[in-house]
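Numbered per the working numbering, the sequence shown spans residues 28 to 94. Beta carbons are placed, not taken as given, at the ideal position from N, Cα and C, and that holds for glycine.
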Amino acid sequence: TGVAAGVLDHPANGVVWLARKFAEHGVSLGRGEIVLAGSFTRPVTVRPGDEFRADYGPLGVVACTFF
């Protein structure tokens, strides 16, 4: 289980950190660029038959079964 607020107290703060780090090197994020902020949970080992579920409340559930 992971909570987005656990990443620097808010998920957007990771992008702010990245933009500031880029600025130190004279680089900036461009309009329309997409930033993949990573994961809120540690990597886990999976085996055939394992199922992972993400429950987004009113938006629904996403499930992935490994074969």
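- Simplified DSSP state of V42, which is helix, strand or coil: helix
- Message: Going by the DSSP bridge assignment, what does F49 pair with across the sheet?
- Response: Partner(s): none; F49 has no beta bridge.
- Message: For the pair the segment 75-86 and the segment 52-67, tell me if three or more CB-CB distances fall below 8 Å.
- Response: no
- Residues near S18 by beta carbon distance below 8 Å, same chain, minus five either side: Here the chain has residues from 28 to 94 only, and residue 18 is not among them.
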